[in-house]
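In the UniProt record's numbering, the protein residues as written are 1 to 453. Backbone N, C-alpha and C define an ideal beta-carbon position, used for all residues, glycine too. Source: prediction; values computed, not measured.
Dropping the structure here:
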């Protein structure tokens with residue numbers, strides 16, 4: 001398989017990195033790509049208008065891209081290549097760059113462009129992938145990393161701006177520790193490991209608020225800065241059940257997973273009996289286990305909505321959200337996206353009594369209202385009223401065109417599945433070996449949608 005070029009673009013289309021391996025593709029492919037990405041017309045039928053697919057061909061060049069933290073990582077080829085293999089290579093390249101830089105951001109790429117070019121030189125030669133493993137690349141990398149804090153963001157201190165940049169999400173992080181480079185960790189002699197239990201929710205509600213589709217995609221992500229090569233042993237809930245069909249086991253189990261898969265180097269011989277996984281964690285970031293469950297658990301947030309016609313050209317949409325999470329936890333980076341009718345000319349929002357850290361934005365071009373809530377406390381309710389005007393009389397069809405309503409949020413120290421790490425043990429020959437261990441649970445809204453009709 002031959003890759004012609006790899007380049008990294010900023011959200012504005014600025015060329016941060018451009019590596020040409022075979023000189024068989026146009027030099028302006030970054031401009032060709034960004035123009036097509038930004039103004040995708042859906043003419044080829046691969047994706048709807050404005051939603052550029054991850055693979056497409058333009059001017060006889062095959063493009064594959066991945067978006068990470070608003071950065072666009074793109075590879076090109078002028079010959080037919082396997083899309084799945086191309087995507088796998090690109091994802092591994094992104095992982096290696098993140099391991100060495102510590103954080104993926106425009107500032108980190110700009111400050112460490114020589115290191116990124118050195119990595120690309122070692123990972124791919126004449127368009128053929130060579131070495132895509134973080135540890136194996138260590139002996140061949142000589143540039144030092146320039147540290148960039150994960151909290152470094154563009155200027156601007158407005159509440160809305162901070163929400164857009166995700167600064168509220170920093171409350172779920174442990175400072176800048178997880179943003180360390182593996183090079184930096186070695187030189188500073190750090191000895192620690194981070195384990196994240198991430199759960200991404202995909203839930204669809206009907207207009208009555210009932211769940212019509214629900215599944216959770218979970219993963220256990222390791223980020224290792226350990227000295228030496230210790231064995232890591234992770235034990236999960238004793239009453240964990242994998243797979244469905246045994247009603248007796250499911251009745252007494254606190255956690256039921258539909259399916260699981262493990263890291264290729266993980267020893268899962270003790271998983272069936274002790275719910276234990278063992279691995280010698282590689283340097284940098286890796287995924288110990290992926291799991292999935294569907295149709296179980298309580299949705300963390302519920303929405304009740306109603307619409308009232310004020311005049312022939314004005315209406316009011318009432319939204320009431322209930323947090324079904326423990327009072328000790330809260331949702332952060334919370335936003336509610338409400339698509340408005342195409343004939344909407346203006347919209348305003350009135351918040352409920354006692355509302356704090358709340359704001360809204362009406363995007364006229366996209367015809368949608370976004371309601372931002374800085375912190376959503378568990379066991380509480382939030383309410384708002386959206387009043388909008390239209391250019392023509394409101395009909396039943398106009399009411400049906402409002403929605404579907406979607407939510408975005410993050411809940412630290414909360415798990416829908418109930419999966420938890422019961423024992424975390426590191427074994428090394430030295431009896432004094434005692435690295436720092438960090439464990440974090442995070443629940444994210446991947447696709448959290450409420451139908452309105």
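Cβ-Cβ distance between residue i and residue j below 8 Å
i: residue 2; j: residue 77; result: yes
i: residue 91; j: residue 416; result: no
i: residue 451; j: residue 205; result: yes
i: residue 327; j: residue 407; result: no
i: residue 302; j: residue 322; result: yes
i: residue 101; j: residue 128; result: no
i: residue 109; j: residue 16; result: yes
i: residue 18; j: residue 34; result: no
i: residue 94; j: residue 116; result: no
i: residue 329; j: residue 433; result: no
i: residue 344; j: residue 388; result: yes
i: residue 369; j: residue 198; result: no
i: residue 258; j: residue 288; result: no
Own chain partners of residue i with C-beta closer than 8 Å, once the 5 adjacent residues on each side are dropped
i: residue 393; result: 312, 313
i: residue 342; result: 367, 401
i: residue 267; result: 277, 278, 279
i: residue 265; result: 279, 280, 282
i: residue 135; result: 282, 283, 284
i: residue 435; result: 191, 192, 193, 226, 227, 230, 426
i: residue 120; result: 6, 17, 19, 93
i: residue 418; result: 237, 254, 255, 297
CA nearest to the CA of residue i, picked from the options
i: residue 12; options: 25, 20, 30, 26; result: 30
i: residue 298; options: 193, 118, 209; result: 209
i: residue 139; options: 358, 415, 122, 446; result: 122
i: residue 386; options: 374, 428, 147, 359; result: 359
i: residue 105; options: 342, 67, 236, 423; result: 67
i: residue 455; options: 354, 435, 444, 424; result: The displayed coordinates of the chain run from 1 to 453. Any statement about residue 455 would go beyond what the structure contains.
i: residue 212; options: 109, 409, 364, 295; result: 295
i: residue 284; options: 17, 99, 21; result: 99
i: residue 446; options: 215, 144, 147; result: 215
i: residue 423; options: 74, 53, 437, 133; result: 437
i: residue 377; options: 364, 365, 355; result: 355
i: residue 60; options: 262, 39, 32; result: 32
i: residue 230; options: 25, 17, 15, 425; result: 425
i: residue 374; options: 112, 357, 418, 395; result: 357
i: residue 412; options: 363, 300, 54; result: 300
i: residue 223; options: 363, 395, 191; result: 191
i: residue 362; options: 380, 340, 379; result: 340
i: residue 395; options: 315, 331, 421; result: 315
i: residue 75; options: 69, 41, 26; result: 26
i: residue 234; options: 221, 325, 421; result: 421
Counted within 10 angstroms of its Cβ, other Cβ atoms place residue i as buried (16 or more) or exposed
i: residue 82; result: exposed
i: residue 5; result: buried
i: residue 286; result: buried
i: residue 270; result: exposed
i: residue 142; result: exposed
i: residue 88; result: exposed
i: residue 225; result: buried
i: residue 275; result: buried
i: residue 403; result: buried
i: residue 114; result: exposed
i: residue 62; result: buried
i: residue 331; result: buried
i: residue 156; result: Caution is warranted here: a pLDDT of 38 is assigned to residue 156, below 50, making its placement in the model unreliable, and the coordinate value is therefore given only provisionally. Result: exposed.
Beta-carbon contacts of residue i that lie in its chain and below 7 Å, excluding the five residues immediately before and after
i: residue 352; result: 382, 383, 384
i: residue 126; result: 21, 22
i: residue 448; result: 201, 203, 406, 407
i: residue 379; result: 323, 327
i: residue 112; result: 101, 145, 146
i: residue 175; result: Summary for residue 175: the model assigns pLDDT 44, below 50, so the residue's position carries little reliability, and this model does not support an answer.
i: residue 439; result: 195, 421, 424
Sequence-distant residues of its chain with Cβ nearer than 6 Å to residue i (five each side left out)
i: residue 453; result: 207, 400
i: residue 290; result: 219, 261
i: residue 86; result: 64
i: residue 371; result: 336, 360, 384
i: residue 80; result: none
i: residue 72; result: 9, 65
i: residue 318; result: 306, 385
i: residue 304; result: 320
i: residue 457; result: An answer regarding residue 457 cannot be provided, because it is not within the stretch 1 to 453 covered by the chain.
i: residue 167; result: Its pLDDT being 42, under 50, residue 167 is placed unreliably in this model, and the coordinates cannot settle the point.
> Contact between the segment 346 to 363 and the segment 302 to 311: three or more CB pairs below 8 Å?
Replying inline: At 8 Å Cβ cutoff, the stretches do not touch.
> Is the segment 254 to 271 close to the segment 232 to 242, with three or more CB pairs under 8 Å?
Replying inline: yes
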